[in-house]
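Novice: Mind the numbering: the sequence shown is residues 37 to 365 in this note's numbering, read in order. Just so it is clear, CB atoms sit at the ideal spot from N, CA and C, and this is done for glycine as well.
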Amino acid sequence: MVEEQRKRSSPDREVRPFLCDVCPRGMQKAVKSCLGCVASYCEAHLQPHYDSPALQRHKLIEVTRRLQETICSLHKEPLKVYCRTDQRCICLLCVMDEHRHHDTISAMAEQAEIQKSLDTAQIESWKSIQKREKLLHDVRQAVESLTHTAQAAVEDNKTIFASLIYFIETRCIAVKELIQDQEKDAVGQAKGLQEKLEWEIAELRRRDAELEKLSHTEDHIHFLQCWKLLCAPPGLCDATCVTLIPRLSFGSVSRATSELKDQLEIVCQREFVKISETVSRVNEVAVLQSQKRKAGAEPIPRECLHLSLPTPSIEHCPVLMLSSQSTDA
Numbered sequence: 037m038v039e040e041q042r043k044r045s046s047p048d049r050e051v052r053p054f055l056c057d058v059c060p061r062g063m064q065k066a067v068k069s070c071l072g073c074v075a076s077y078c079e080a081h082l083q084p085h086y087d088s089p090a091l092q093r094h095k096l097i098e099v100t101r102r103l104q105e106t107i108c109s110l111h112k113e114p115l116k117v118y119c120r121t122d123q124r125c126i127c128l129l130c131v132m133d134e135h136r137h138h139d140t141i142s143a144m145a146e147q148a149e150i151q152k153s154l155d156t157a158q159i160e161s162w163k164s165i166q167k168r169e170k171l172l173h174d175v176r177q178a179v180e181s182l183t184h185t186a187q188a189a190v191e192d193n194k195t196i197f198a199s200l201i202y203f204i205e206t207r208c209i210a211v212k213e214l215i216q217d218q219e220k221d222a223v224g225q226a227k228g229l230q231e232k233l234e235w236e237i238a239e240l241r242r243r244d245a246e247l248e249k250l251s252h253t254e255d256h257i258h259f260l261q262c263w264k265l266l267c268a269p270p271g272l273c274d275a276t277c278v279t280l281i282p283r284l285s286f287g288s289v290s291r292a293t294s295e296l297k298d299q300l301e302i303v304c305q306r307e308f309v310k311i312s313e314t315v316s317r318v319n320e321v322a323v324l325q326s327q328k329r330k331a332g333a334e335p336i337p338r339e340c341l342h343l344s345l346p347t348p349s350i351e352h353c354p355v356l357m358l359s360s361q362s363t364d365a
């Protein structure tokens, strides 16, 4: 269907040359049209208009297919008069007939009058074009500046958030190291106490076994000699000097980190609202308003992306306090 439509419409769209109205079968191309003769001529048939004084008074124009529009459809005479009353072109017979009481003027004189207004309209049109070209230039500059600053803002945003992520990652590593160091220290102290207690328990069990054995001896001399050795208690630490926090755990650290996360989310949400409002105010593309603005949008303020993060600490980590004092049992 589309192809058939193209075939049907293609002959009408072809540009055909203007042919001479005098040449047989219009063999020659027309070069001028005569308003007086209401015909178009080739070079050969146009020559009489240059040679004959009567034909020299005819108005020659560029060749046009609309030549028939210059002929009165009623009287078949050239349209040479303009009727201001009816605002239309008429012929001389029309002036003496139905337009005899109308305000009429020659078409040439009316064109001269309108030409003045046309010149003024052209000047105003030129000024309007100049203004819009200037406005178009400003709009293009605004779009170019906005595109450039938007890309710069995206890059700044990427860099700033990358720094923020790096900062959080370093804080995460720092907290991890603090926890591991505190764990190592606390476990070391606990291991030392554990080994000492195991040794003391073994010594006390050995002493208790010796005392039990001594309690059944009937050798008075052996009893007194052994008692002298066993009555002196081994060097033991005072259990009352050991302060042990029950159920040691790093749960407080997890809670502190969770609080930091909550605070960070609140700060991020609040600052993101500010960033969104800042982005919404960048409307440099809407230049087609009464107030002219300078091209260029400000990048996202860095202070809108700045987040103050507290340095994590192991303030509530469990601490195992041991006393190295030894007392006699």
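Please go through the same chain and pick out, in chain order, the residues whose beta-carbon is closer than 6 Å to the beta-carbon of Thr121, but skip the five residues on each side of it.
Specialist: Hits under 6 Å: His138, Asp139.
Novice: I need the DSSP call for Ala75, collapsed to helix, strand or coil.
Specialist: In the structure shown, Ala75 sits in a strand (DSSP, three-state: E or B).
Novice: Just how far apart, CA to CA, sit Ser304 and Lys194?
Specialist: The question names Ser, but residue 304 in the sequence shown is Cys. About 15 Å.
Novice: Would Leu103 and Val74 qualify as a contact pair, given that the criterion is a beta-carbon distance under 9 Å?
Specialist: Closer than 9 Å, so yes.
Novice: Can you give the Cα-Cα distance for Glu239 and Leu300, rounded to whole angstroms?
Specialist: So the two alpha carbons sit approximately 55 Å from each other.
Novice: Tell me which residues share the same chain as Ser142 and place their Cβ nearer than 8 Å to its Cβ, disregarding the 5 neighbours each side in the sequence.
Specialist: So the qualifying residues of the chain are Lys116, Val117, Tyr118.
Novice: Check whether the stretch 60-67 touches the stretch 78-85, taking contact to mean three or more Cβ pairs, one atom from each stretch, closer than 8 Å.
Specialist: As far as the Cβ criterion goes, the stretch 60-67 touches the stretch 78-85, which means the pair count is three or higher.
Novice: Compute the Euclidean distance between the alpha carbons of Ser294 and Leu200, then round it to the nearest angstrom.
Specialist: Each residue's Cα considered, the two are about 18 Å apart.
Novice: With H, G and I counted as helix, E and B as strand and the rest as coil, what does DSSP make of Ser251?
Specialist: Coil at Ser251, not helix or strand.
Novice: What residue does the beta strand (DSSP E) around Ile311 start on, and which one ends it?
Specialist: Per DSSP, Ile311 belongs to no beta strand (DSSP E); it is in the alpha helix (DSSP H), 287-316.
Novice: If you run the structure through DSSP and keep just helix, strand and coil, what is Thr106?
Specialist: Three-state DSSP puts Thr106 in a helix.
Novice: For His111, collect the residues of the same chain with a Cβ closer than 7 Å to its Cβ; drop the 5 residues on either side in sequence, then sort them by chain order.
Specialist: Contacts found: Cys127, Leu129, Cys130.
Novice: In angstroms, rounded to a whole number, what distance separates the CA positions of Ser251 and Gln261?
Specialist: C-alpha separation (whole angstroms): 13 Å.
Novice: Measuring only the C-alpha atoms, how far is Glu234 from Trp263?
Specialist: If you take the alpha carbons of Glu234 and Trp263, they lie about 24 Å apart.
Novice: Which class does Glu134 belong to by DSSP, given the choice of helix, strand or coil?
Specialist: Coil, per DSSP.
Novice: Classify Cys56 as buried or exposed, calling it buried when 16 or more other Cβ atoms lie within 10 Å of its own Cβ.
Specialist: Under this definition Cys56 is a buried residue.
Novice: Looking at C-alpha atoms only, which residue of Cys70, Arg168, Asp298, Glu149 is the closest neighbour of Pro114?
Specialist: Ranking Cys70, Arg168, Asp298, Glu149 by Cα distance to Pro114 puts Cys70 first.
Novice: In chain order, what residues of the same chain lie with their CB nearer than 7 Å to the CB of Pro53, ignoring the 5 residues before and after it?
Specialist: For Pro53, where only same-chain residues beyond five positions count, the Cβ hits under 7 Å are Lys65.
Novice: On the DSSP bridge list, what partners appear for Pro114?
Specialist: DSSP output for Pro114 lists Ile107 as bridge partner(s).
Novice: Here's a check: name, in chain order, each residue in its chain whose Cβ is nearer than 7 Å to the Cβ of His85, leaving out the five neighbours to either side.
Specialist: These residues qualify, in order along the chain: Cys70, Leu91, Gln92, His94, Leu96.
Novice: Check Cys208 in the structure and name its three-state DSSP category.
Specialist: Correct three-state label for Cys208: helix.
Novice: Please determine, among Val318, Met144, Arg124, the residue with the shortest C-alpha to C-alpha distance to His135.
Specialist: Considering only alpha carbons, the answer is Arg124.
Novice: Taking its Cβ as the centre, do 16 or more other Cβ atoms sit within 10 Å of Ala157, making it buried, or is it exposed?
Specialist: Classification of Ala157: exposed, given that the 10 Å Cβ count is below 16.
Novice: According to DSSP, which residues form a beta bridge with Ile215?
Specialist: Bridge partners of Ile215: none, in fact.
Novice: Quick check on Ser142: does DSSP put it in helix, strand or coil?
Specialist: Residue state, collapsed to three classes: strand.
Novice: Alpha carbon to alpha carbon, how far is Glu149 from Glu320? Give it in angstroms, no decimals.
Specialist: Any reading at Glu320 needs caution, since the residue's pLDDT is 46, under 50, leaving its predicted position unreliable; the model's value is listed next. Approximately 46 Å between the Cα atoms of the pair.
Novice: According to DSSP, is Lys220 part of a helix, a strand, or is it coil?
Specialist: Lys220: helix per DSSP, three-state reduction.
Novice: Under a Cβ-count criterion, where at least 16 other Cβ atoms within 10 Å of its own Cβ denotes burial, should Ser161 be classed as buried or exposed?
Specialist: That one is exposed.
Novice: Give the range of the alpha helix (DSSP H) segment to which Lys264 is assigned.
Specialist: Run containing Lys264: 256-266, per the alpha helix (DSSP H) assignment.
Novice: With a 10 Å radius around its C-beta and 16 neighbouring C-beta atoms as the bar for buried, classify Tyr202 as buried or exposed.
Specialist: Label assigned to Tyr202: exposed.
Novice: Taking the C-alpha atoms as reference points, what is the distance between Gln218 and Glu180?
Specialist: Cα to Cα, the separation comes out at about 57 Å.
Novice: Tell me the rounded alpha-carbon separation between Glu307 and Ala210.
Specialist: One C-alpha to the other measures close to 26 Å.
Novice: With 16 as the cutoff for other CB atoms within 10 Å, does Ala245 come out buried or exposed?
Specialist: Exposed.
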